[in-house]
Amino acid sequence: MRNILVSFLFIVLSIGVLEAQNGAVRGNVYEKESGEPIIYGTVQIQGTKHAVMTDLDGFFMIPNVPAGDYKLVASYVGYDSSVVDIKIKPDGIAYQAMYLAESGVALSEVNISAEREHARTTVNISQIAVSQRQIKALPSVGGEPDIVQYLQVIPGIISTGDQGGQIYIRGGSPIQNKILLDGLNIFNPFHSIGFYSVFETDLIKNVNVLTGGFGAEQGGRISAVVDITTREGSKSRVHGSVSGGPFMIKGLVEGPLKKFTEGGTSVSYVLTAKKSLLETTSKGLYSYAADDKEVGLPFSFSDYYGKVSINTSNGSRINVFGFNYNDAYANPLLATIDWQNTGAGINFHMIPAESSIIVDGVVGYSTYTVGIGEQDTEPRRSDVDELTANIGFTFLVIKMR
């Protein structure tokens, strides 16, 4: 009887060992010169049906690959393909960073009337993804594109004010909209008389608008969620820009603290500033609306945002960021009102070596302050403080063959 039991256990364990012959490969695809991620590039294992597309961070994951030696191929339009040798171990997870160089083949001009979109196997109900390119493609008021202008063309979303003010999504009140910037809550993202939002368009990486069907992790509001993610600074060179219009002037500077190199760690930064010109330009442009022609319209605002990004050789990254958004209305005959959003935080994407777990999270603090001062009364202030700590885990399940 004992021999039969031992034989049975040996057979069961042998079957388990034979079945657990699958592994996985994950990694990132970067632009060789700048270190920027290749978005929606194609990664495939040569000679097999295993193929995926990279996400907004250039990240890819191919699970359930039979153990063995393969060639991994990464490609993207306008770039030379990259081919590397990989070894998939049974029940193991390999990491491979890939770098694509721009193609040196000279081609004649081609007019493209459509752009590639991310293919998905699931349908996200009531979720709309918006890119920086889409925002800038719309005609803009005052010569400055803004995310709020784009939101107004989405069905079910309307706004008050010339260019924002407040947004109403599917009939819900503005206070039931959850506005997130890099994972932190922004309580009032609109400036003064509604001309602009606080978000710098040149800094936007992507925007996800959820108008219904969002899960408990997006709790705290019942109408909609607008989740805005900012991009990282340049990893290869220092550069900046300055622009202005009748309503405001703004500037941006970015560059590396530690330049990008293949297989190395890079550190970059980006800083933006925005200042209103209403109090000055309104004297000439809106003299009919200003009570005092020497003072102009009593509205002003300023925005400041900074971010430092650390990207490691295994695809992990850490972003440290902070912001300060100010608005003020000052009429000496009536009242002075000011409000501001201030916050700082850290978000991260950690990929432990050869682990089946990916850790994402954000930890930060934000505050919203409103103050009002009237003649013959004491100044009044109100504050809303919020501490955010969200951590998520993604598990890679490798199926047995």
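Heads up, the numbering used here is the position in the sequence shown plus 1, with the first residue counted as 1.
We put the beta carbon where it would ideally sit given N, CA and C, even for glycine.
Straight-line gap, residue i to residue j (C-alpha atoms, nearest Å)
i	j	result
His81	Gln150	It should be noted that the sequence gives Asp, not His, for residue 81. Answer to the nearest angstrom: the Cα atoms are 37 Å apart.
Gln167	Ile158	10 Å
Phe458	Leu152	Here the chain covers residues 2 to 402 and nothing more, so residue 458 does not appear.
Ile136	Thr368	28 Å
Leu181	Val227	6 Å
Val371	Val271	28 Å
Ser317	Ser198	31 Å
Thr161	Ile148	14 Å
Val131	Pro156	14 Å
Val309	Tyr31	19 Å
Gly165	His192	Bear in mind that a pLDDT of 45 at Gly165, under 50, signals an unreliable position, so the model cannot answer this.
Pro257	Ser35	10 Å
Asp384	Asp361	29 Å
Tyr305	Phe324	6 Å
Phe322	Gln22	43 Å
Ser174	Asp386	21 Å
Ser237	Ile39	15 Å
Sequence-distant residues of the same chain with beta carbon closer than 7 Å to residue i, five excluded per side
i	result
Ile16	Low confidence applies to Ile16: its pLDDT is 41, below 50, so where it sits in the model is not reliable, and the reading given next is rough at best. Cβ within range, chain order: n/a, list empty.
Gln97	Val26, Gly28, Leu73, Val85, Ile87
Gly221	Lys179
Ser357	Ile94, Phe396, Leu397
Gln219	Lys179, Leu211, Val226
Gly427	Because the chain here runs from 2 to 402, residue 427 falls outside it and cannot be looked at.
Nearest candidate by alpha-carbon position, reference residue i, set the options
i	options	result
Asp203	Leu211, Val243, His192, Gly344	Val243
Ala52	Phe60, Ala354, Thr43	Thr43
Gln488	Asp70, Gly184, Thr230	One cannot answer for residue 488 here, as it falls past the ends of the chain, which runs 2 to 402.
Lys88	Tyr100, Val371, Val66, Met99	Val66
Ser104	Ser141, Ala95, Val78, Asp86	Val78
Ile129	Gln97, Ser76, Phe215, Gly221	Phe215
Thr49	Thr343, Asp70, Val271	Asp70
Ser127	Val210, Val84, Met62, Tyr100	Val210
Gln47	Ser269, Ala75, Gln177, Gly307	Ala75
Leu335	Gly241, Gly234, Ile187, Thr378	Thr378
Ser141	Val321, Gln45, Gly246	Gly246
His350	Lys251, Ile392, Ser237, Gln376	Ile392
Asp183	Gly24, Ile319, Ala331	Ile319
Gln376	Ile250, Gly173, Pro333, Lys90	Pro333
Asp92	Gly323, Gly264, Gly24	Gly24
Gly252	Gly307, Phe60, Asp56	Gly307
Gly59	Gln45, Glu37, Ala68	Glu37
Arg171	Phe300, Ser235, Ile223, Arg382	Ile223
Close beta carbons around residue i, own chain, < 6 Å, minus the five adjacent residues each side
i	result
Arg232	Lys206
Ala102	Lys33, Asp81
Ser303	Lys276, Asn327
Ile359	Ile352, Thr395
Glu201	Thr273
Glu355	Ile94
Ala185	In the sequence under discussion, the amino acid at residue 185 is Leu, which differs from the Ala named in the question. Closer than 6 Å at Cβ, skipping near neighbours: Gly344, Gly346, Gly365, Ser367, Thr389.
Asp339	Ala329, Gly372
Tyr169	Ile159
Ile63	Val26, His51, Val53
Pro190	Ile180, Ser198, Val199
Ile187	Ile180, Asn342
Gln45	Ala52, Val74
Glu145	Gly246
Three-state class that DSSP yields for residue i in the structure shown
i	result
Arg318	strand
Lys137	helix
Glu280	helix
Val85	strand
Tyr77	coil
Ile39	coil
Gly264	coil
Leu152	helix
Thr202	helix
8 Å CB neighbourhood of residue i in its chain, flanking five on each side removed
i	result
Thr266	Lys259, Ile311, Asn312, Thr313, Ser314
His240	Val254, Glu255, Gly256
Val154	Leu139
Tyr100	Val30, Tyr31, Glu32, Lys33, Ser83, Glu263
Handout entry: 3-residue-minimum beta strand (DSSP E) runs that sit fully inside the segment 204–229, ordered along the chain
Key = 205–211
Handout entry: beta strand (DSSP E) segments (min. 3 residues) lying fully within the segment 302–373
Key = Listed in chain order, the beta strand (DSSP E) elements of length 3 or more contained wholly in the segment 302–373 are 318–332, 336–351.
Exercise for the section: Scan the segment 155–182 and note each continuous beta strand (DSSP E) run of 3 residues or more that stays entirely inside, going in chain order. Expected result: 158–161, 167–170, 178–182
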